[in-house]
Amino acid sequence: MSQLLLQNRKIVLAITGGIAAYKTCELCRKLIKNGAQVRVVMTEAACKFVTPATFAALSHHEVMTDVFGDAEGIDHIAITNDADLLVVAPATANSLAKFACGIADNAVTTTVLASACPVVVAPAMNTRMLINPATKANLKTLQERGFYIIAPEEGDLACGDSGMGRMRNVDDIFAYICALLNDHVALPYQALPPTCLPSPQEPAALTQTKLLPKSHGAGLKIVITAGPTEESIDPARVITNKSSGKMGYALAQMAATMGADVTLISGPTHLATPNNVKRVDVTTASQMLDAVKSQIGQANIVIGCAAVADYRVIEPMSTKLKKEETGEFLTLELVKNEDIISYVGHLDEDRPFTVGFAAETDHFEENAREKIANKNLDLIVLNDVSDPEIGFNSNDNAATVYGPNGIVTSFGKMSKVKLADLLIELIIAEYKAKKHQEQDDSKSK
Ligand code: C5P
Numbered sequence: 298m299s300q301l302l303l304q305n306r307k308i309v310l311a312i313t314g315g316i317a318a319y320k321t322c323e324l325c326r327k328l329i330k331n332g333a334q335v336r337v338v339m340t341e342a343a344c345k346f347v348t349p350a351t352f353a354a355l356s357h358h359e360v361m362t363d364v365f366g367d368a369e370g371i372d373h374i375a376i377t378n379d380a381d382l383l384v385v386a387p388a389t390a391n392s393l394a395k396f397a398c399g400i401a402d403n404a405v406t407t408t409v410l411a412s413a414c415p416v417v418v419a420p421a422m423n424t425r426m427l428i429n430p431a432t433k434a435n436l437k438t439l440q441e442r443g444f445y446i447i448a449p450e451e452g453d454l455a456c457g458d459s460g461m462g463r464m465r466n467v468d469d470i471f472a473y474i475c476a477l478l479n480d481h482v483a484l485p486y487q488a489l490p491p492t493c494l495p496s497p498q499e500p501a502a503l504t505q506t507k508l509l510p511k512s513h514g515a516g517l518k519i520v521i522t523a524g525p526t527e528e529s530i531d532p533a534r535v536i537t538n539k540s541s542g543k544m545g546y547a548l549a550q551m552a553a554t555m556g557a558d559v560t561l562i563s564g565p566t567h568l569a570t571p572n573n574v575k576r577v578d579v580t581t582a583s584q585m586l587d588a589v590k591s592q593i594g595q596a597n598i599v600i601g602c603a604a605v606a607d608y609r610v611i612e613p614m615s616t617k618l619k620k621e622e623t624g625e626f627l628t629l630e631l632v633k634n635e636d637i638i639s640y641v642g643h644l645d646e647d648r649p650f651t652v653g654f655a656a657e658t659d660h661f662e663e664n665a666r667e668k669i670a671n672k673n674l675d676l677i678v679l680n681d682v683s684d685p686e687i688g689f690n691s692n693d694n695a696a697t698v699y700g701p702n703g704i705v706t707s708f709g710k711m712s713k714v715k716l717a718d719l720l721i722e723l724i725i726a727e728y729k730a731k732k733h734q735e736q737d738d739s740k741s742k
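One point on numbering: in my numbering, the residue at position 422 of the sequence shown is 719, and numbering is uninterrupted.
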C-alpha cells in the first residue's frame, strides 16, 4: 500500500463558531483517513453548530471545549507540544481578532496563544466582516507574524449573501496542509486577495515569524546586502534607486529563523532590524564594499540583494548646487562603483558561496547567464521589475533562480517574506550540495 500522505502527523484541529464548522467534520475525517492523529479543540460557539460528540467520534478522542476542563489529561498548553500543525477552520472574524491581540479567553484562543507549532487559519465570514478595516488589519498582522492564512473564496454565504468570505473547500485545505507538512519546495502559498488586506499596503513589518521548525542554517554564517545605496551630488541631493530593502530584510529574517548567524549590510531603509540579525548600516556603495570586506571572514554564504548604485559623482559638491548658477543644463561626471558581489565571487581564497540578484525588464535568461558568468556567482535570483505588482516597493515578488548550468527553479508570485523562506532554504541546500561535491571530489583525488 502506498504511504499515507499524513502518516503519523499530529494535527490539532481548532474550530470556532461559524456555519462552515460542518465542513470541518469532513476535513477531520480526511486528515485521519490519511494517517494523521487529530485532536480537536472547540469554542463554545462552535459547539452550537456541531456537537463535540461528532468530533469525538471522528477523531477517536475527547474534544477540548473548556480551558478548565480536562480532556484526557491534555490541557491547552500541552496540546500542541508534540503537534506538527494547528489548523483553525473555520476561523471567525472574532477569533482572528483575538489571535491578533493575543487574547486567551477560551479553549481555542488559549491553544493558539500557547501554540508550540505553526498555525494555519482558514477564515470564514460574511463579506462585510471580511472587508472591514479591523479584520483586514488583523489578517495582515497574523500574516506578518507567520500564520499561514488560507484565503477564503467567493460564493454563497450562510447569511444569504453571495461574495468573498466563504471558507475554502475541504479539498483545498487538505491539499494545503499536506503541502505544508510534506515541506514541498513550492508551497501552495496563497497571497490574500487585495480585498482582504488594508489598502494601500504598508511596508510589511518584518517581525520574527513562526514557521515550520527548521534548523538548516545552524552553524552557517550568512552575509546579506540589502536596500539601495546613496551617492552624494551635493549636501542635499543624492543618486539612489527604488529599492525598499524588503526582500533583503526578509532573507535576513528567514536565515536567522533557520538558525544561521546573519549579518545584514544595509543601505538607507525604513525597515526594522529582524530579530537575531546583526545589522551594519552604510550609505554609499564604497561603504557597502568596505563593510562586506570586513564582515565576510568565515562567511559560508554571501547574498547580494542590495540595489547598488552603479555610478557615483567623482567629486560631490561641498555646498548646495544653485540652479541660478548651473543654468539650463547640468553635467555630472560619474565614475563606476566597484561591483561588490563580483568582488566576492572572484575571491581566490575563502570564497563563500556567492548569490546575486538581478532586477531585469527584458532578455531575462540572457541577462541571468551573463551576470552569473561575469560575476562568478553560484546562483542568481532573477526578478522581473517591469511588473509593478512584484516590483521594487511591493510586498510581493516572484523569481527564477539560475545556476551556472541554467534554471534551478522558479517561484510564482507570493509575499516577499514567503519567497525569502523558500529562497533561503534553496540557497542553503545548494550550498550544502556544493560542499558535499567538493568533499567527494577531494576524496577521489
Ligand atoms: O549588474 P547588476 O547591477 O544588475 O547586478 C545585480 C547584482 O549585483 C545584485 O546582486 C547586486 O547586489 C550586485 N551588485 C553589487 N555591486 C554593484 C552592482 C551590483 O554587488 N556595484
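Note that CB positions come from ideal geometry on N, CA and C, so glycine has one too.
Beta-ladder partner(s) of residue i, from DSSP
i: G653; result: G601, I677
i: F661; result: Paired residue(s): none; F661 is not in a bridge.
i: M361; result: V338
i: N423; result: In the DSSP output, where bridge partners are listed per residue, N423 has none listed.
i: I446; result: V418
i: T240; result: Not covered by the structure: residue 240. The range shown for the chain is 298 to 742.
i: N694; result: M711
i: L383; result: V309, V416
i: T560; result: V520, K575
i: A388; result: P420
i: P613; result: Bridge partners of P613: none, in fact.
i: P525; result: A604
For residue i, the first and last residue of its enclosing beta strand (DSSP E)
i: P701; result: Per DSSP, P701 belongs to no beta strand (DSSP E) and is neither H nor E.
i: R576; result: 574-578
i: S529; result: 528-531
i: L631; result: 631-633
i: V610; result: 608-610
Beta-carbon spacing of residue i, residue j below 8 Å
i: I519; j: A547; result: no
i: L477; j: V417; result: yes
i: V599; j: V641; result: yes
i: A515; j: G556; result: yes
i: A656; j: K668; result: no
i: A606; j: A588; result: no
i: V347; j: A311; result: no
i: A448; j: P387; result: no
i: A419; j: D363; result: no
i: I638; j: M585; result: no
i: A397; j: T438; result: yes
i: L676; j: E727; result: yes
i: K713; j: N692; result: yes
i: D379; j: I308; result: no
Spatial neighbours of residue i in its chain, beta-carbon cut-off 6 Å, leaving aside the 5 residues before and after
i: E499; result: For E499, the predicted structure reports a pLDDT of 34, less than 50, and the residue's modelled location is therefore unreliable. A value from the coordinates is still provided. So the list is empty, once near-sequence residues are dropped.
i: G452; result: R463
i: A342; result: G314
i: T537; result: P525, E527
i: A401; result: T407, L410
i: A696; result: V678, N680, F708
i: M614; result: D531
i: R326; result: L355
i: V559; result: I519, A549, A552, A553, V574
i: L302; result: N331, C475
Segment limits, alpha helix (DSSP H) that includes residue i
i: A717; result: 713-740
i: V682; result: No alpha helix (DSSP H) holds V682; DSSP gives it neither H nor E.
i: A596; result: Unbroken run through A596: none, as it is neither H nor E.
i: I536; result: That residue, I536, is in no alpha helix (DSSP H); its beta strand (DSSP E) goes 534-536.
i: V641; result: 637-642
i: V467; result: 467-478
i: I329; result: 318-330
i: P349; result: 349-356
i: A401; result: Note, A401: premise wrong, no alpha helix (DSSP H); not H, not E.
i: E621; result: 620-623
i: M544; result: 543-554
i: N429; result: It is not in any alpha helix (DSSP H) - N429 carries neither H nor E in the DSSP assignment.
Residues near residue i in its chain [Cβ-Cβ closer than 7 Å; skip 5 each side]
i: L508; result: Bear in mind that a pLDDT of 35 at L508, under 50, signals an unreliable position, so the number given afterwards is only what the model happens to contain. Counting only Cβ-Cβ distances below 7 Å, and skipping sequence neighbours, we find P415, G443, T554, D718.
i: G460; result: T424, E451, L454
i: K633; result: D607, Y608
i: R576; result: L561, S563, T570
Same chain only: Cβ atoms within 8 Å of residue i, ignoring 5 sequence neighbours per side
i: P649; result: V520, I593, A596, N597, I598, V599, V641
i: T351; result: C322
i: N664; result: A655, E657, L679
i: E686; result: D693, K710
In chain order, what residues place their C-beta within less than 7 Å of a heavy atom belonging to the ligand C5P?
T522, A582, G601, C602, A603, A604, V605, D607, N634, E635, D636, I637, I638, S639, G653, F654, A655, A656, K668, K672
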